[in-house]
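Chains as they are written, first to last, in my numbering: chain B, 19 to 175; chain S, 485 to 600.
Report on one structure; see the data block that follows.
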């Protein structure tokens, strides 16, 4: 199994994303990634649409302030994990109703469907880890977010 | 040729069923069958009067457990699954969280015709 950290680098993370709603925050984060060259403008538009389509099937909130929006997008060259911490939590459907402040976006081409599914399951398991969530909320930089993910993968299986 | 195994997991923590099934996906087991089941001890102590004196042994236990069957591609998948399930259930107190064991599979066939 690929480690989460192999799908993620600090360029793919941002802190302090703000917006009045979940959709606003998602859009603002994707725009940030375009400005960094992580996504092209075209990929951004397609990804936003694919994520919203997936959302219409059922909420991607896990609870405890975490959401894992995910979608296949053949315009992407590889499976990627994009991580955002929001300035303020926003309402988003979740089992416990707690507003969301951590977004883990999993996206990639349909040719990597197996990896996508296994990674999603791995994310869901590891995001139950209370210590990881604390580290993510205390992170001072995208590099700290990356370290928190590396740490949990060393500590857990 | 694959050394397929049949994995049987009896899970005594119904609240963790979704976590367990998610861990199975992570381990590379995308399909399984889940059955709601009951332990022998509970049935005997509830339904057979001679064993009624043992009811205290099951006080507080859940009335049902789940039995999960899956055919996996080899012992390495079973080992990986075991490790993940132990991790998932690590924050559950007590020792009767469930069991997992595997058996060799001598034959395996999908009950559908290959597309022509």
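By construction, the Cβ of each residue, glycine as well, lies at the ideal position given by its N, Cα and C atoms.
Please read these numbers as outputs of a predicted model, since none were measured by experiment.
Report task. Please report how far the alpha carbon of residue 130 of chain B lies from the alpha carbon of residue 490 of chain S, in whole angstroms. Result -> Taking the first residue of the first chain as position 1, residue 130 of chain B is located at position 112. Taking the first residue of the second chain as position 1, residue 490 of chain S is located at position 6. Taking the Cα positions, residue 130 of chain B is about 27 Å away from residue 490 of chain S.
Report task. Under 7 Å between beta-carbons, which chain B residues line up against residue 509 of chain S? List them in chain order, please. Result -> As a position in the second chain, residue 509 of chain S is number 25, starting the count at 1. Result: 135, 136, 139.
Report task. Would you kindly report the start and end of the unbroken beta strand (DSSP E) that includes residue 559 of chain S? Result -> Counted from its first residue, the second chain places residue 559 of chain S at position 75. Careful: residue 559 of chain S lies outside any beta strand (DSSP E), inside the alpha helix (DSSP H) at 559-572.
Query - Sub-7 Å separation of residue 172 of chain B and residue 86 of chain B beta-carbons - result: Within the first chain, the letter at position 154 stands for residue 172 of chain B. Within the first chain, the letter at position 68 stands for residue 86 of chain B. The answer is no: Cβ separation not under 7 Å.
Query raised in the report: Which residue comes first and which comes last in the beta strand (DSSP E) that contains residue 41 of chain B?
Result: Here residue 41 of chain B refers to the residue found at position 23 when the first chain is read from its first residue. Counting along the chain, residue 41 of chain B falls outside any beta strand (DSSP E), though it belongs to the alpha helix (DSSP H) covering 40-53.
Query raised in the report: At what residues does the beta strand (DSSP E) containing residue 488 of chain S begin and finish?
Result: For the purposes of this step, residue 488 of chain S is identified with residue 4 of the second chain, where counting begins at 1. Annotation for residue 488 of chain S: no beta strand (DSSP E) segment contains it, and DSSP assigns it neither H nor E.
**Report entry** Inter-stretch contact at 8 Å, needing at least 3 Cβ pairs: the segment 61-80 of chain B / the segment 112-131 of chain B
**Finding:** yes
Report task. Could you tell me which residues DSSP pairs with residue 550 of chain S in its beta bridges? Result -> As a position in the second chain, residue 550 of chain S is number 66, starting the count at 1. Residue 550 of chain S is bridged to S/495, S/520.
Query raised in the report: How is the alpha helix (DSSP H) around residue 64 of chain B delimited, first residue to last?
Result: Here residue 64 of chain B corresponds to residue number 46 of the first chain, with the count starting at 1. It spans 59-73 - the alpha helix (DSSP H) in which residue 64 of chain B sits, taken as one unbroken run.
Query raised in the report: When the Cα atoms are used, what is the spatial distance from residue 66 of chain B to residue 103 of chain B?
Result: Position 48 of the first chain, counting from 1, holds the residue named residue 66 of chain B. Position 85 of the first chain, counting from 1, holds the residue named residue 103 of chain B. Cα to Cα, residue 66 of chain B sits roughly 17 Å from residue 103 of chain B.
Report task. Note down, in chain order, every chain S residue with its Cβ under 8 Å from the Cβ of residue 174 of chain B. Result -> Counting from one through the first chain, the residue named residue 174 of chain B turns up at place 156. By Cβ distance, chain S contributes 571.
Requested in this report: Find the residues of chain B that neighbour residue 503 of chain S, judging by a C-beta separation of less than 9 Å, and give them in chain order.
Outcome: Your numbering for residue 503 of chain S matches position 19 in the second chain. Neighbours of residue 503 of chain S on chain B, chain order: 142, 143, 146.
Requested in this report: Keeping to the same chain, check which residues put their C-beta closer than 6 Å to that of residue 583 of chain S; ignore five residues upstream and five downstream.
Outcome: In the second chain, residue 583 of chain S corresponds to position 99, counting from 1. Excluding residues within five positions, the ones whose Cβ falls inside 6 Å are 494.
Report task. For residue 558 of chain S, go through chain B and note every residue whose CB falls closer than 8 Å to its CB, in chain order. Result -> Along the second chain, read from residue 1 onward, the residue named residue 558 of chain S stands at position 74. Residues of chain B passing the Cβ test: none, with the nearest at roughly 15 Å.
**Report entry** Interface partners of residue 568 of chain S on chain B, CB under 8 Å
**Finding:** Looking up residue 568 of chain S in the second chain gives position 84. 143, 175, listed in chain order.
Query raised in the report: For residue 152 of chain B, which three-state DSSP category applies?
Result: The sequence position of residue 152 of chain B within the first chain is 134, counting from 1. In the structure shown, the three-state DSSP call for residue 152 of chain B is helix.
Query raised in the report: Where does residue 582 of chain S sit, in a helix, a strand or coil, going by DSSP?
Result: As a working note, residue 582 of chain S is residue 98 in the second chain. Strand, per DSSP.
Requested in this report: Give me the Cβ distance between residue 68 of chain B and residue 90 of chain B, rounded to the nearest whole Å; I'm assuming they're in contact under 8 Å.
Outcome: Counting from 1 along the first chain, the entry for residue 68 of chain B is found at position 50. Counting from 1 along the first chain, the entry for residue 90 of chain B is found at position 72. Between residue 90 of chain B and residue 68 of chain B the Cβ distance is about 7 Å, and since that is below 8 Å, they are a contact.
Query raised in the report: Apart from the five residues on each side of it in sequence, which residues of its chain come closer than 7 Å, Cβ to Cβ, to residue 174 of chain B?
Result: Numbered from its first residue, the first chain carries residue 174 of chain B at position 156. 144, 147, listed in sequence order.
Requested in this report: Since I believe residue 550 of chain S is in contact with residue 595 of chain S (beta carbons under 8 Å), could you give me their beta-carbon distance rounded to a whole number of angstroms?
Outcome: Here residue 595 of chain S is taken as the residue at index 111 of the second chain, counted from 1. Here residue 550 of chain S is taken as the residue at index 66 of the second chain, counted from 1. The pair is not a contact, with the Cβ atoms about 24 Å apart (cut-off 8 Å).
Query raised in the report: At a Cβ threshold of 7 Å, is residue 562 of chain S touching chain B?
Result: As a working note, residue 562 of chain S is residue 78 in the second chain. Cβ-Cβ to chain B under 7 Å: no for residue 562 of chain S.
**Report entry** Cβ-based neighbour list, residue 542 of chain S, same chain, cut-off 7 Å, excluding 5 preceding and 5 following
**Finding:** Numbered from its first residue, the second chain carries residue 542 of chain S at position 58. Only 525, 526, 529 meet the Cβ criterion.
Query raised in the report: Given 8 Å as the limit, is there contact between the segment 503-517 of chain S and the segment 568-580 of chain S, that is, 3 or more CB pairs closer than that?
Result: yes
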